[in-house]
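Chemist: Take a look at the following structure, please.
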Amino acid sequence: MESIPKDSIFEFNPDTLEYLRKQYDLDKPGRIEEAINILEEWIKKQNHFVVKEFPRDYLERAIIISKGSVERAKTKLDKICTYRTLFPDFFGVYDLKNSPLLDDLYGIFLPKLTEDHYRVYFMKNKAKTFKTGFIDFYRYFFMQCEYIQAYDYCNGLILVIDYTEANVMETVKWFIFG
Numbered sequence: 012m013e014s015i016p017k018d019s020i021f022e023f024n025p026d027t028l029e030y031l032r033k034q035y036d037l038d039k040p041g042r043i044e045e046a047i048n049i050l051e052e053w054i055k056k057q058n059h060f061v062v063k064e065f066p067r068d069y070l071e072r073a074i075i076i077s078k079g080s081v082e083r084a085k086t087k088l089d090k091i092c093t094y095r096t097l098f099p100d101f102f103g104v105y106d107l108k109n110s111p112l113l114d115d116l117y118g119i120f121l122p123k124l125t126e127d128h129y130r131v132y133f134m135k136n137k138a139k140t141f142k143t144g145f146i147d148f149y150r151y152f153f154m155q156c157e158y159i160q161a162y163d164y165c166n167g168l169i170l171v172i173d174y175t176e177a178n179v180m181e182t183v184k185w186f187i188f189g
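Add 11 to the 1-based position in the sequence shown for this note's numbering, that's all there is to it.
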């Protein structure tokens, strides 16, 4: 990838591509291509992967999100493909606009990166009770994470969670016992 493609949601700093490649020692000529080639060859050997071909931009992002480590990118891709097979209910196409849970529990990625190329995610929890559990929120969150994986080019994520209007004990109960 010579430059980060324009995206309808995310904005990037002018030096994001160069900065992140240099940070992970992938800025030398041919270095990122070599890392992507290694990842492509490894994917071809994974018999349990339903999908065997990924766009090179996607693989580069997987390496960058994995802090420049091809081995970490392999682990990440293996988990994504395995979870998609084992838990298809979390990864299907759903109409989340009609989920009552998402009236009280929602999140958004900010379009602009920080100066050091991090993406900020805000989550608001206004729920007083979780009668149906978190499955709709997990689906919503996984959709957002898949979008990040496919289209973002960042140093990592900064999470900001607002519980000011929530029943915190109800939330804790789901994370401890749910």
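We put the CB at the ideal spot given by N, CA and C, even for glycine.
Keep in mind the model is a prediction, meaning the values are calculated, not measured.
1. From what residue to what residue does the alpha helix (DSSP H) around Met12 run?
2. Going by the beta-carbon positions, is the gap between Arg72 and Gln155 smaller than 8 Å?
3. Do the CB positions of Phe133 and Leu121 come within less than 8 Å of each other?
4. On the premise that Tyr30 lies in contact with His128, defined as a C-beta separation below 8 Å, what is that separation, rounded to the nearest angstrom?
5. Would you check if the distance between the CB atom of Gly12 and the CB atom of Asp68 is smaller than 8 Å?
6. Quick check on Tyr30: does DSSP put it in helix, strand or coil?
7. Following the continuous alpha helix (DSSP H) through Asn24, name the residue where it begins and the one where it ends.
8. Figure out for me which residue from Thr125, Glu181 and Lys139 has the closest Cα to the Cα of Gly167.
9. For Gly41, which residues in the same chain have their Cβ closer than 8 Å to its Cβ, ignoring the five residues on either side in sequence?
10. Just to confirm, are Lys139 and Glu82 a CB contact at a threshold of 8 Å?
11. What does a CB cutoff of less than 7 Å around Asp38 pick up in its chain, not counting 5 residues either side in sequence?
12. Looking only at its own chain, which residues have a Cβ that is under 8 Å from the Cβ of Leu50, when we skip the five neighbours before and after it?
13. Return the bridge partner residues of Lys135 from the DSSP annotation.
14. Express the C-alpha separation of Thr93 and Arg150 in angstroms, rounding to a whole number.
15. Shortest alpha-carbon distance to Lys207 belongs to which of Lys142, Lys108 and Glu157?
16. Would Leu112 be called buried (16 or more neighbouring beta carbons within 10 Å of its own) or exposed?
Modeler: Well, looking at it:
1. Counting from one through the sequence shown, the residue named residue 12 turns up at place 1. Looking at the DSSP string, Met12 is not in any alpha helix (DSSP H), and its letter there is neither H nor E.
2. Looking up residue 72 in the sequence shown gives position 61. Looking up residue 155 in the sequence shown gives position 144. It is not a contact, given that the beta carbons lie outside the stated cut-off.
3. Numbered from 1 along the sequence shown, position 122 holds the residue referred to as residue 133. Numbered from 1 along the sequence shown, position 110 holds the residue referred to as residue 121. Against a cut-off of 8 Å, the Cβ pair of Leu121 and Phe133 comes out as a contact.
4. Reading the sequence shown from its first residue, position 117 is the one you call residue 128. Reading the sequence shown from its first residue, position 19 is the one you call residue 30. At roughly 6 Å, the Cβ-Cβ gap stays under 8 Å, so His128 and Tyr30 are in contact.
5. For the purposes of this step, residue 12 is identified with residue 1 of the sequence shown, where counting begins at 1. For the purposes of this step, residue 68 is identified with residue 57 of the sequence shown, where counting begins at 1. Here residue 12 is Met; the residue named in the question, Gly, does not match the sequence. Yes, they are a contact pair.
6. Here residue 30 corresponds to residue number 19 of the sequence shown, with the count starting at 1. The answer is helix: DSSP assigns Tyr30 an H, G or I state.
7. Taking the first residue of the sequence shown as 1, we reach residue 24 at position 13. No alpha helix (DSSP H) contains Asn24, which DSSP labels as neither H nor E.
8. On the sequence shown, residue 167 is found 156 positions in, with the first residue counted as 1. Considering only alpha carbons, the answer is Thr125.
9. If you number the sequence shown from 1, residue 41 lands on position 30. Within the same chain, Gly41 has no close Cβ partners at all.
10. Taking the first residue of the sequence shown as position 1, residue 139 is located at position 128. Taking the first residue of the sequence shown as position 1, residue 82 is located at position 71. Going by C-beta atoms, Lys139 is not nearer than 8 Å to Glu82.
11. Position 27 of the sequence shown holds residue 38. Here the set comprises Glu29 and Arg32.
12. On the sequence shown, residue 50 is found 39 positions in, with the first residue counted as 1. Correct list, in chain order: Leu70, Ala73, Ile74, Val81, Ala84, Lys85 and Leu88.
13. Locating residue 135 in the sequence shown gives position 124, counting from the first residue. Per DSSP, Tyr117 and Asp173.
14. Here residue 150 is taken as the residue at index 139 of the sequence shown, counted from 1. Here residue 93 is taken as the residue at index 82 of the sequence shown, counted from 1. Cα-Cα distance, rounded: 16 Å.
15. Lying before the first or after the last residue shown, residue 207 is absent from the chain, which here runs from 12 to 189.
16. Numbered from 1 along the sequence shown, position 101 holds the residue referred to as residue 112. It is buried - the Cβ of Leu112 has at least 16 other Cβ atoms within 10 Å.
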